[in-house]
Amino acid sequence: MRTNAVFPGLIVFVLYLAVPVAVGHIDYVMSLIIAALTIGGIAVAWALLGNLGGMVSFGHAAFFGVGSYVSALLTLDAGWPVFAAMLAGGAGAVIASVVTMPALRLRGPYFALAILAFAHIFRILATELESITHGAGGLLSIPVLPTVAGFDLGTKIGGYYVILTIVLLAMAGYAWLRQSTMGLALLAMHDTEDATRIVGVPSTRLKALMLVVSAFITGVVGAFNAHQINFLDPDYAFSGSWTVLPIVAAIFGGYRTISGPLVGALVIYLVDQLVFKEFLPHGHEIILGALLVAMIVLSPTGLVPLVMRMVTRGRHAQA
Amino acid sequence: MLKLDNITVTFGGLAALTDVNLNVDNGEFIGLVGPNGAGKTTLFNVISGLVKPTGGSARFDTTDLLRQPVHARARIGIARTFQIPQPLHELTVRQNLVVAQKFGTGRSDARRIDEILDFLGLSEKAERNAVSDLALTEHKALEVGKALATDPKLLLLDEVLAGLETTGKRRFMGTLEHLHEQAGLAIIIIEHDIETISTLCKRAVVLNFGKIIADETPERIFQDPEVIRSYTGEHGA
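So the protein lines, in turn, are chains A and B.
For the first sequence, our numbering assigns the number 1 to the initial residue and increments by one for each residue that follows.
For the second sequence, our numbering assigns the number 1001 to the initial residue and increments by one for each residue that follows.
Right, dumping it as structure tokens:
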């Protein structure tokens, strides 16, 4: 019990203090960590939808893109404060998820493909609705994160703290949802949907709610990214990478666990950028693919469960 | 309480139920009998909302039943068990009941959950996995437990006694009698065993080829030549 409380606290301490102290002065590394956390945030939202809603999405780029565009446009064209606009970005992604809800009538791969189609539709809309989105030319000079209480969040360290907080809050919300009675009902729905409906569980409504929550998290992460890189165009904002990388990260880290998607994102992205890219500047993603295959063969449940099993075995060996 | 008028269900041209009329009053204990394929489970599926009838109407108290989605029927007091037990996956026995209570009644009452577990003899297995750690009798008890956790007025039991050995069956029958007498629940039970129906029920309804062919006391039902023919597979006369 005590270990359970201390370990996450230690991790949070390392993330908030040790990381900035150790590498905060190296902008390149901080940029990579921020990008990894951004992917991690989407991966957490993706895994939430999969584990609780029972839906595999190939279209989270839609929510990411809508969130980033809404926030960027509200700050650029309507003068909104950045943090309020970021929340509105999440709300925009929620509206986008409501538009995709007819796809909830589909199951398994059909839902995944329908959501993928929606992501393409949103990219086309962002390109064609020039009077609102500024079209294919994109958005330049998107406002940076503000200074709060004398601390400039527009710096690499500031951005790191903001995205770290967003991702940890998302994980806390996910953990709370999963242990709630609603979370239990959602887990049970995967294999016994009729039996859960019979005892009063409104299954379609709960699935829709998980889609909304997942979209909100992804939208806020997308909004953060817009203010971090200060540039957007439709191809970038709705790129398939915002779907594929989080899925790879979640599967690698352990999509059934709360922390797996974030751990997967940090490991995959940082190892890829800092190690594989050094050896193989072009096509280094192929090593990433091989690593993912190796993980699936070695531990289909992912890295976090693998490490936990090894720790447990080590403890038993010591005892 | 429950009033079904001319309920008809067809599956691709095949009539599973034809003009079924059935009234159930508060506190009744009804045996629903008939040969395999007679439409008994289909009738339960209609009442619980899993099958939409192609014709007819249904009321539960003042509610137009057919306009209610499946989950809403638990809230108005209709609960059912499945012929093949369907414990909620990935959950413990207690969590099965907690989910059923929370969504079926909108309340969380841990004491009531403990009472149900105790009543059904599941207390010792409360924290065990509901899918992998239970024997058949316990699975059947859990089916009833989930239904009770929704605080029902009408309980539909689909062959809940089937497959139980004699002692387990007798004990389970005692539990059902207690539920009926003490809790005042209306119960409809699908059961093939004539003796069981005669022991538990004051009224039996016989379905054959999707039609109600008899609705009487069990004693008279099982002397009815048409009922006997339906069981022996003779269709003449």
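Cβ atoms here follow ideal geometry from the backbone N, Cα and C, with glycine treated the same way.
Next item on the list: For Asp1158/B, write down the residues that DSSP places opposite it in a beta bridge.
Entry: Ile1190/B
Note to self: Between which two residues does the alpha helix (DSSP H) holding Ile1245/B run?
What the structure shows: Because residue 1245/B is not part of the residues shown, which for chain B are 1001 to 1237, the question remains open.
Margin query: Let's test the definition: count the other Cβ atoms within 10 Å of the Cβ of Arg309/A and tell me whether it reaches 16, buried, or not, exposed.
Written below: exposed
Check: What are the start and end residues of the alpha helix (DSSP H) that includes Ser1057/B?
Finding: Note, Ser1057/B: premise wrong, no alpha helix (DSSP H); beta strand (DSSP E) at 1055-1060.
Notebook entry, point to check: Per DSSP, which one or two residues make a beta bridge with Lys1202/B?
Noted result: Answer is none; Lys1202/B lacks a bridge partner.
Notebook entry, point to check: Does the Cβ of Ile1023/B have 16 or more other Cβ atoms within 10 Å, making it buried, or fewer, making it exposed?
Noted result: In the sequence as presented, Ile is not what sits at residue 1023/B; that position holds Asn. Exposed, by the Cβ-count rule.
Margin query: Please report the distance separating the alpha-carbon of Asn225/A from that of Ile121/A.
Written below: 21 Å
Check: Starting from Leu1032/B and walking both ways along the beta strand (DSSP E), at which residues does that stretch end?
Finding: 1029-1033
Check: Can we say the stretch 133-144 of chain A touches the stretch 72-85 of chain A, given the rule of at least three CB pairs closer than 8 Å?
Finding: yes
Check: Is any heavy atom in the ligand GTP found nearer than 7 Å to the beta carbon of Ala112/A?
Finding: No copy of the ligand GTP occurs in the structure displayed, which carries no ligand at all.
Checklist line | C-beta contact flag for Leu1120/B and Thr192/A at 8 Å | finding: no
Notebook entry, point to check: Residues of chain A with CB under 7 Å from Phe1060/B, in chain order?
Noted result: Result: empty, since nearest Cβ-Cβ is about 15 Å, beyond 7 Å.
Notebook entry, point to check: Do Leu37/A and Ile163/A have their C-beta atoms within less than 8 Å of each other?
Noted result: yes
Next item on the list: Please list, in chain order, all residues of the same chain as Thr1196/B whose beta carbon is under 7 Å from its beta carbon, the five residues on each side excluded.
Entry: Leu1161, Met1173
Notebook entry, point to check: When Cβ atoms are compared, which residues of the stretch 1024-1052 of chain B fall closer than 7 Å to chain A?
Noted result: Ser1048, Leu1050
Item checked: Asp1215/B - partner residues in DSSP beta bridges -> Val1205/B
Margin query: Looking at Ala1204/B: is its Cβ nearer than 8 Å to the Cβ of Leu1156/B?
Written below: no
Notebook entry, point to check: Over what stretch of residues does the beta strand (DSSP E) that includes Phe1011/B continue unbroken?
Noted result: 1002-1011
Notebook entry, point to check: First and last residue of the beta strand (DSSP E) that includes Asn1021/B?
Noted result: 1014-1024
Next item on the list: Return the first residue and the last residue of the alpha helix (DSSP H) that Ile132/A is part of.
Entry: 130-133
Next item on the list: Taking Leu1207/B and Gly1013/B to be in contact with their CB atoms under 8 Å, please state how far apart those CB atoms are, rounded to whole angstroms.
Entry: Their Cβ separation, rounded to whole angstroms, is 20 Å, which puts Leu1207/B and Gly1013/B out of contact at 8 Å.
Note to self: Contact criterion: CB-CB distance below 8 Å. Does Arg256/A meet it with respect to chain B?
What the structure shows: no
Check: Does Val1009/B get closer than 8 Å to chain A when you measure Cβ to Cβ?
Finding: no
Next item on the list: Indicate the three-state DSSP secondary structure (helix, strand or coil) for Asn1129/B in the structure shown.
Entry: strand
Next item on the list: Starting from Ala78/A, follow the alpha helix (DSSP H) in both directions and report where the run begins and ends.
Entry: Careful: Ala78/A lies outside any alpha helix (DSSP H) and carries neither H nor E.
Notebook entry, point to check: Between the Cα of Thr1042/B and the Cα atoms of Ile1213/B, Glu1181/B, Phe1209/B, Asp1224/B, which residue gives the shortest distance?
Noted result: Phe1209/B
Check: If you compare alpha carbons, which of Gly150/A, Ser203/A, Leu266/A is closest to Leu245/A?
Finding: Leu266/A
Note to self: To be precise: take each residue of the stretch 1074-1093 of chain B, compare its Cβ to all Cβ atoms of chain A, and keep it if any distance is under 8 Å. Which residues remain?
What the structure shows: Ala1074, Arg1075, Ala1079, Arg1080, Phe1082, Gln1086, Pro1087, Leu1088, His1089, Glu1090, Leu1091
Item checked: Min CB distance Gly1055/B to chain A below 8 Å -> no
Margin query: Quick check on DSSP: helix, strand or coil for Asp1064/B?
Written below: strand
Next item on the list: Determine the DSSP secondary structure at Phe151/A, reduced to helix, strand or coil.
Entry: strand
Notebook entry, point to check: Can you tell me whether Gly54/A is buried or exposed, with buried defined as 16 or more other CB within 10 angstroms of its CB?
Noted result: buried
Margin query: Rounding to the nearest angstrom, what Cα-Cα distance links Ala62/A and Ile1084/B in this structure?
Written below: 42 Å
Notebook entry, point to check: Under a three-way DSSP split, which group does Ile258/A fall into?
Noted result: coil
Margin query: Cβ closer than 8 Å: which chain B residues qualify as neighbours of Leu177/A?
Written below: Going along chain B, no residue has its Cβ under 8 Å from Leu177/A, so there is no contact; the nearest lies around 14 Å.
Check: Quick one: any contact between the stretch 179-192 of chain A and the stretch 1062-1074 of chain B, if contact means 3 or more CB pairs under 8 Å?
Finding: no
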